[in-house]
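Number of protein chains: 2
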Amino acid sequence: MPTHHPDLDRVAVEDVLAALGNPVRISIVRELAGSAGPRSCGSLPIEVTKATATHHWRVLRESGLTRESRSGREKQITLRTAELDARFPGLLAAVLAAAPPREP
Amino acid sequence: MPTHHPDLDRVAVEDVLAALGNPVRISIVRELAGSAGPRSCGSLPIEVTKATATHHWRVLRESGLTRESRSGREKQITLRTAELDARFPGLLAAVLAAAPPREP
DNA sequence: ACGAAAGTACGTAAGACATCGTACAGTACG
DNA sequence: CGTACTGTACGATGTCTTACGTACTTTCGT
């Protein structure tokens with residue numbers, strides 16, 4: 066079964082938002098956005114176990130945010146930046162531009 | 066205990082996204098955005114029971130998306146549009162501009 | 001004062017979600 | 001070939017979410 070990547074035209078914005086509405090996943094997305102181009106999964110700074118990471122990668126992929134591919138034993142993951150901006154103009158940029166919350 | 070509205074500077078973007086990542090809530094937000102100004106809760110087209118609606122209104126309020134007030138026995142609810150745009154520039158606009166998914 | 005209306009509080013149930021450990025599969029390298 | 005490495009599959013578990021019914025509070029009309 067080849068890995069499935071949804072057609073963005075069929076994705077609802079609330080599903081993208083739900084995928085982004087998780088601290089682990091948004092940190093992955095920020096990391097991917099920080100380095101234009103594919104990134105090997107192993108190089109992502111992740112604070113959960115491998116099994117949990119796999120789960121989050123799948124949620125991101127199924128929501129249409131990322132694209133996955135395989136090279137050797139490593140998985141590569143990319144943000145679908147251009148496609149996302151065509152489907153939801155300005156959304157990803159606005160999310161990525163968000164300043165962190167004030168602490169106290 | 067007066068109703069609490071968070072200071073948006075202390076809100077993390079992923080919490081706003083999580084609040085928006087639900088079909089009932091995003092439809093409330095779209096409705097509020099469609100009519101600039103406060104809206105009485107009873108006038109919102111909602112497809113859940115009153116108890117569930119109360120739950121969603123609270124999630125929206127606690128995430129910083131809406132402001133609530135009381136007039137008589139009716140509750141008024143507003144989108145914190147300007148504040149949100151100052152804290153997360155372009156985010157709400159991008160979300161609201163999203164086209165619905167293609168059906169088939 | 002009484003009854004209807006608008007929400008809320010509370011308890012509860014079903015389902016989704018995040019997380020992990022362990023076992024497994026595929027690939028690379030010696 | 002055997003071992004190490006990368007990630008997946010599966011199953012378990014605890015927590016969070018969504019949803020509801022019912023009972024209650026407050027407020028408005030009459």
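Protein chains in written order, with this note's numbering: chain H, 66 to 169; chain W, 66 to 169.
Ideal Cβ placement from N, Cα and C applies to all residues, glycine included.
If you're wondering where the values come from, they're calculated on a predicted model, not measured in any experiment.
For Ala116 (chain W), count neighbouring C-beta atoms within 10 Å of its own C-beta (all shown protein chains included) and say buried if the count is 16 or more, exposed if not.
Sequence index remark: in the second sequence, residue 116 (chain W) carries index 51 (1-based). So Ala116 (chain W) ends up on the exposed side.
Under the rule that 16 or more other beta-carbon atoms within 10 Å means buried, what is Asp72 (chain H), buried or exposed?
Mapped onto the first sequence, residue 72 (chain H) falls at position 7. That one is exposed.
For Ser136 (chain W), the three-state DSSP class (helix, strand or coil):
By one-based count along the second sequence, residue 136 (chain W) stands at place 71. Of the three classes helix, strand and coil, the one that applies to Ser136 (chain W) here is strand, per DSSP.
Supposed close pair Gln141 (chain W), Arg104 (chain W) - CB separation, criterion 8 angstroms
Taking the first residue of the second sequence as 1, we reach residue 141 (chain W) at position 76. Taking the first residue of the second sequence as 1, we reach residue 104 (chain W) at position 39. Gln141 (chain W) to Arg104 (chain W), Cβ: 7 angstroms. Contact.
Can you find the residues in the same chain that come closer than 6 angstroms, C-beta to C-beta, to Val81 (chain H), ignoring five residues on each side of it along the sequence?
Position 16 of the first sequence, counting from 1, holds the residue named residue 81 (chain H). Excluding sequence neighbours, Val81 (chain H) sits near Ser128.
On a Cα-Cα basis, can you pick out the residue from W:Cys106, W:Leu149, W:Arg123 and W:His120 that is closest to Arg138 (chain W)?
The residue given as residue 138 (chain W) occupies position 73 in the second sequence. Checked all of W:Cys106, W:Leu149, W:Arg123 and W:His120; the closest Cα to Arg138 (chain W) is W:Cys106.
Using the three-state DSSP reduction, which class does Arg167 (chain H) fall into: helix, strand or coil?
Residue mapping note: residue 167 (chain H) aligns to position 102 of the first sequence, counting from 1. Residue state for Arg167 (chain H) is assigned as coil, using DSSP reduced to three classes.
Give the range of the alpha helix (DSSP H) segment to which Thr146 (chain H) is assigned.
By 1-based counting over the first sequence, the position of residue 146 (chain H) is 81. DSSP places Thr146 (chain H) inside the alpha helix (DSSP H), whose first and last residues are Thr146 to Arg152.
Buried/exposed call for Thr170 (chain W), threshold 16 Cβ in 10 Å:
Residue 170 (chain W) falls outside the range modelled here, since chain W spans only 66 to 169, and no answer is possible.
Cβ atoms of Leu156 (chain H) and Ala98 (chain H): under 9 angstroms apart, would you say?
What you label residue 98 (chain H) is simply residue 33 of the first sequence in a count that begins at 1. What you label residue 156 (chain H) is simply residue 91 of the first sequence in a count that begins at 1. No, they are not a contact pair.
Once DSSP output is grouped into helix, strand and coil, what is the label at Thr143 (chain W)?
In the second sequence, residue 143 (chain W) corresponds to position 78, counting from 1. Strand, per DSSP.
Which residues in the same chain have their Cβ closer than 6 angstroms to the Cβ of Ile111 (chain W), if we skip the five residues on either side of it in sequence?
Position 46 of the second sequence, counting from 1, holds the residue named residue 111 (chain W). Closer than 6 angstroms at the Cβ level, and outside the excluded window around Ile111 (chain W), lie Ala118.
Within chain H, the residues that Gly155 (chain W) reaches when beta carbons sit closer than 8 angstroms
Taking the second sequence and counting its residues from 1, one reaches residue 155 (chain W) at position 90. Taking a Cβ-Cβ threshold of 8 angstroms, the residues of chain H close to Gly155 (chain W) are Gly155, Ala158, Ala159 and Ala162, in chain order.
For Ser128 (chain H), the first and last residue of its enclosing alpha helix (DSSP H)
Your numbering for residue 128 (chain H) matches position 63 in the first sequence. Unbroken run through Ser128 (chain H): none, as it is neither H nor E.
Nearest-angstrom Cα distance between Val160 (chain H) and His121 (chain W)?
Stepping through the first sequence from its first residue, residue 160 (chain H) is reached at position 95. Stepping through the second sequence from its first residue, residue 121 (chain W) is reached at position 56. Those two C-alpha atoms are separated by around 22 angstroms.
Among the residues of its own chain, which have a CB less than 6 angstroms from the CB of Ser108 (chain H), if the five just before and after it don't count?
Position 43 of the first sequence, counting from 1, holds the residue named residue 108 (chain H). The answer is none, since no qualifying residue turns up.
Verify the CB distance criterion: does Glu139 (chain H) have a CB-CB separation below 9 angstroms to chain W?
In the first sequence, counting from the first residue as 1, residue 139 (chain H) sits at position 74. Output row for Glu139 (chain H): interface = no.
For Arg126 (chain H), return the contacting residues in chain W, with the cut-off set at a CB-CB distance below 9 angstroms.
Here residue 126 (chain H) refers to the residue found at position 61 when the first sequence is read from its first residue. Taking a Cβ-Cβ threshold of 9 angstroms, none of the residues of chain W is close to Arg126 (chain H); the smallest such distance is about 17 angstroms.
So, is the C-beta of Val76 (chain W) closer than 9 angstroms to a C-beta in chain H?
Here residue 76 (chain W) refers to the residue found at position 11 when the second sequence is read from its first residue. Chain H has a Cβ within less than 9 angstroms of the Cβ of Val76 (chain W).
Apart from the five residues just before and just after Val94 (chain W), which ones in its own chain have a Cβ nearer than 6 angstroms to its Cβ?
Walking along the second sequence from the start, residue 94 (chain W) turns up at place 29. Nothing listed; no residue qualifies.
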